Each structure stands twice: as C-alpha cells, then as structure tokens.
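**Student:** Sharing a structure, written as structure tokens. Questions coming.
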Ligand code: HEC
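Numbering (my numbering), first residue to last: 5 to 449.
Below, the structure is given as structure tokens:
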C-alpha cells in the first residue's frame, strides 16, 4: 500500500485513521464501478423522464448520456436533498405507502451520488437499456381501463403563456352541461400536448348546490367549489375505489386552477377534464367528498405578521366513520410545512403525515393505497398544523415587510388540505378495521 509503516508511525493516530480511510475507499472503488449505462440510466428512465424529456414540463431532457452529463453536479445536489423528484413528505414519520410514490429509494440515491462522485462515467454502451416507449400524449390513459372514451369532456378556454415572465394561475369557470345527476367512477385531467410543456399542475373544482341532507359539509373554498380532481406530479386524475364515486349534479360547473410557467416561447394551453360515469341509475354506496379541510378556519384566523414565522391549527371533526383517500397540503408562497394528525375519540393522537419542505411550486398530492388509507371512527378530529415563514430567510418571500392575510392571489396566503373523504357506515367501518387487524396479526406471525 501507499503508506508504509514508518510514515504511519511518524504520523501517530491520525496516520492510522488516514490509512484506514484510504484503504476502505480503495476497497469500495474496487467493488464495482457505477456507470451511466448500467446503473444510472434505468433510474432516470423510471424516476425522471416522465418530466425530463423533450416536450414535457422539465427544463431539460435527461435521456442520453450527452444530455445528462452536463447536469451531473445539479443532479447530485437535487437528489441528495430529495428536492428531485418532487416528493416532500417526511420519510421518518407517519404513513409511507402511497399509490403514486415517485421518490427515490436510499439505494437509488446512493447509486446516483456514487456515480457523480466517480466522475460520472459513461460505462459500456452495450449496457444501455432500450429507451422507454412513452404512451402518446394524445390518448386518454384511463380509456383502456374503462373500455371507452370519457362520457363527458369539458375543456378550459385556451390561455396563451408568454415566452418569458412570471408564473400564471388561470382560473376560468366552465359549465359541465349536465342536465341530470350522474356519479363519476373515474376522472382524468389532461392538458393538451402543447399545454404539457407549460402546465405545472391543473386543479379542477366542482361547483354545485349541496342539499342539507348531503351528509356533511362539503367545504367550499368560496367561490371555487369543492375539489374535484387534478393533473399534478405523479397523478393524472382519480379512479374511485369499488362502490365509491363523486356526485356531479345537473347544472354543475367546473372551475380550473391551471398553474402555467414560461418556457422561452409562447405556448397556447388548454386542459381537458374527462369523466367516466357509473351507468345511469347506478348509485354507488359511498359518495367521495372533496374537502378543503381547514379552509374555513384559515379564512377566519390566518394572520401572518411581517418578519416572523407563524403556526396555525385547524380542527375538523368527522361526523361519521371515514376513510381519508389522500393528503394534499395547500398553502401559498409563504407556506413552509403542514402536518395532518388524527385525534381519536379516546384521546389518542396519531401522526398521519407531515410535509416538512412545502414548496408552492409543487402541489404534490399524496394518494394512499387501499391498505394505507387511514380509516377513522366517528368523532375523530383531524388536526392540521400549518407553518408559514414570512421572514426574509424564506427565499420565495417577495416582501417580508408585508402583513399577509387570507386571499386567493399567490401573494396572499391560506392553508388547508385537499382530502378526498369517504364516509362509511358503522358496519363497514368495523369490518375494515377487523380485516386490517387480521392481516396485521398474520404478518406478525
Ligand atoms: C414531476 C416532474 C419531474 C420529475 C419526476 C423530475 N423532475 Fe427534475 N425538474 C422538473 C421541473 C419542472 C424542473 C424545473 C425547476 C423546478 O420547478 O424545480 C426540474 C428541475 C430539475 C433540476 C434543476 C435544474 C436547474 O435548472 O438547476 C434537476 C437537476 C433535476 N430536475 C433533476 C431531476 C432528476 C435527476 C429527476 C429524477 C431522479 C427528476 N429531476 C425528476 C420536473 C421533474
């Protein structure tokens, strides 16, 4: 080895440590060289190219070695900080199984970091996996599942996004044209092919009159209606679980919230909403409510004095047993973090999820799996905790001297969580809980 005994003796303890580090580093590099073609390209294909390829929303394509190589340093820091792919849930606490999880595993992160640290070698061209055959952007992706195109298509009026300039939020309202009540079983939100380059996300809200007998408060984010579905990171819409659906009433309207950013040339964008209905006359057992949890409290009490960080709480009691289908925190540019907890009727508190690095640019929706979706008894109180940073250390803060209140503009602020809630009967609640217990004890044996 490079370091002889005499050198070590002269350097004392530090020398021994250095020699040890050096030899273990050599051992690691001898182990296996990480290469682009064999190790890194498959990760980029699976985890990055939905956005990072020509014609999609990300600023650069990460497909070929020549495209990726100049970005190696930036990839390293974004991946190490878990800011790419955008997935901001705290991994150390709360529920971790999601239907649309796009985050990297520790092993994938390790591979990417080792590759960059080794000088980002190309490797053997023969190891390169064949390119992904991406589905055409022109199809409805749920068409195959339902065996027909959507039963209803509603489009937002076109919006022209300038070549340069600030992000824009386009919020038009469009009639659904329905003359009878129908039950949605699936929804897909699809920006047109052109639009995909500039669409960060596209939220769709449903506006309709709710009757007092409609079970519970469908909280209206006045005047935009309840949350319907969206196109966002890792999400193209909703497929409702068996026997559940969303009620779309005669005379209802959709309001869009399309977030556009500029890409260096003018682009005209539009978003289509496709809805698949249950057959006429079929009423699913359960209605899914798109609730904006905390919206009312936030309108009433949110107050962000200049130059400080604030904490607000909202408590939302569940009037019936319920399954929460997803968690999507919503705040504006001063938003910093948001927690959703369940306070059970017996006083026990459970952390459901925590988003520690909220980023207004990314409306990430965390969609629970069949098994991970929290199923809660009647009388449970959902507790939301929202942190805002109105100081100058918040890089997104346009002006820390402003006193900020609730409002729709991005420079106003708000906090709530978009949650699809399915209220259950007591019997079904008991049954789901019993099934889960049985599975748990199976797993433990
Ligand atoms: C959901 C879409 C999406 C996915 C998935 C995604 N990115 Fe990105 N990425 C973007 C967008 C959009 C930007 C532009 C800046 C922003 O909004 O952060 C970006 C920015 C970046 C940047 C910074 C570019 C700069 O100008 O500094 C890097 C590096 C990056 N992404 C790497 C990756 C890697 C590596 C992956 C996969 C492991 C990945 N991204 C996955 C959409 C995505």
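Where a beta carbon is used, it is the ideal one built from N, C-alpha and C, also for glycine. As the structure is a computational prediction, the values presented were derived from the model and not from experiment.
Can you tell me whether residue 93 is buried or exposed, with buried defined as 16 or more other CB within 10 angstroms of its CB?
**Tutor:** Buried.
**Student:** Is the stretch 340-358 touching the stretch 103-118, taking contact as three or more C-beta pairs under 8 Å?
**Tutor:** No: the two stretches stay apart, fewer than three of their Cβ pairs being nearer than 8 Å.
**Student:** Suppose contacts are defined by Cβ-Cβ distances below 8 Å. Is residue 144 in contact with residue 71 by that definition?
**Tutor:** Not a contact, by the Cβ cut-off of 8 Å.
**Student:** Let me make sure I understand the geometry here. Which of 283, 366, 372 has the alpha-carbon closest to that of residue 327?
**Tutor:** Closest by alpha carbon: 372.
**Student:** At what residues does the alpha helix (DSSP H) containing residue 282 begin and finish?
**Tutor:** Where residue 282 is concerned, there is no enclosing alpha helix (DSSP H), given that its DSSP letter is neither H nor E.
**Student:** With residue 168 as the anchor, note down where its beta strand (DSSP E) starts and where it stops.
**Tutor:** No beta strand (DSSP E) holds residue 168; DSSP gives it neither H nor E.
**Student:** What residues in its chain sit with their C-beta under 7 Å from that of residue 133, if we drop five residues either side in the sequence?
**Tutor:** If we look at residue 133 and ignore the five residues flanking it on each side, its Cβ neighbours are 45, 46, 49.
**Student:** Mark residue 79 as exposed unless 16 or more other C-beta atoms lie within 10 angstroms of its C-beta, in which case mark it buried.
**Tutor:** Residue 79 is buried by the Cβ-count criterion.
**Student:** Expressed to the nearest angstrom, what Euclidean distance is found between the alpha-carbon atoms of residue 436 and residue 385?
**Tutor:** Each residue's Cα considered, the two are about 19 Å apart.
**Student:** For residue 195, which three-state DSSP category applies?
**Tutor:** Reduced to three states, the DSSP call for residue 195 is strand.
**Student:** Kindly indicate which three-state DSSP category residue 359 falls into: helix, strand or coil?
**Tutor:** If DSSP states are grouped into helix, strand and coil, residue 359 belongs with the strands.
**Student:** Since residue 79 is in the beta strand (DSSP E), which residue starts that stretch and which ends it?
**Tutor:** Element bounds for residue 79: not the beta strand (DSSP E) but the alpha helix (DSSP H), 76-84.
**Student:** Can you list, in chain order, the stretches of the beta strand (DSSP E) that have 3 or more residues and sit fully within the stretch 364-402?
**Tutor:** Taking only runs of at least 3 residues, the beta strand (DSSP E) segments lying wholly in the stretch 364-402 are 385-393.
**Student:** Kindly give me the distance between the Cβ atoms of residue 358 and residue 97, rounded to whole angstroms, as I take these residues to be in contact under 8 Å.
**Tutor:** That pair is a contact at about 5 Å.
**Student:** Give the C-beta separation of residue 329 and residue 377 to the nearest angstrom, bearing in mind that I take them to be a contact with Cβ-Cβ under 8 Å.
**Tutor:** Contact holds; Cβ gap of about 6 Å.
**Student:** Compare the Cα-Cα distances from residue 311 to each of 342, 282, 395, 150 and report the closest residue.
**Tutor:** Comparing Cα-Cα distances from residue 311 to each of 342, 282, 395, 150, the minimum goes to 395.
**Student:** Taking all protein chains shown into account, do 16 or more other C-beta atoms lie within 10 angstroms of the C-beta of residue 89, making it buried, or fewer, making it exposed?
**Tutor:** Label assigned to residue 89: buried.
**Student:** If you reduce the DSSP assignment to three classes, tell me which class residue 124 lands in.
**Tutor:** The answer is coil: DSSP assigns residue 124 none of H, G, I, E or B.
**Student:** Indicate, with yes or no, if the ligand HEC has a heavy atom lying under 7 Å from the CB of residue 92.
**Tutor:** Checking the Cβ of residue 92 against the ligand HEC gives no.
**Student:** Contact check, residue 185 vs residue 254 under 8 Å by CB: the rounded distance?
**Tutor:** About 6 Å separates the two Cβ atoms, so the contact holds.
**Student:** Would a C-beta distance cut-off of 8 Å place residue 232 and residue 294 closer than the cut-off?
**Tutor:** In this structure, residue 294 lies closer than 8 Å to residue 232 by Cβ.
**Student:** Look up residue 310 in the DSSP assignment and say whether it is helix, strand or coil.
**Tutor:** Residue 310: coil per DSSP, three-state reduction.
**Student:** Do you know how far the Cα of residue 126 is from the Cα of residue 201?
**Tutor:** C-alpha separation (whole angstroms): 29 Å.
**Student:** How would you write the range of the beta strand (DSSP E) that residue 252 sits in, first residue to last?
**Tutor:** Where residue 252 is concerned, the enclosing beta strand (DSSP E) stretches over 248-252.
**Student:** Buried or exposed, going by whether 16 or more other CB atoms sit within 10 Å of the CB of residue 34?
**Tutor:** Low per-residue confidence applies at residue 34: pLDDT is 45, beneath 50, and the placement is therefore not dependable enough to give any value.
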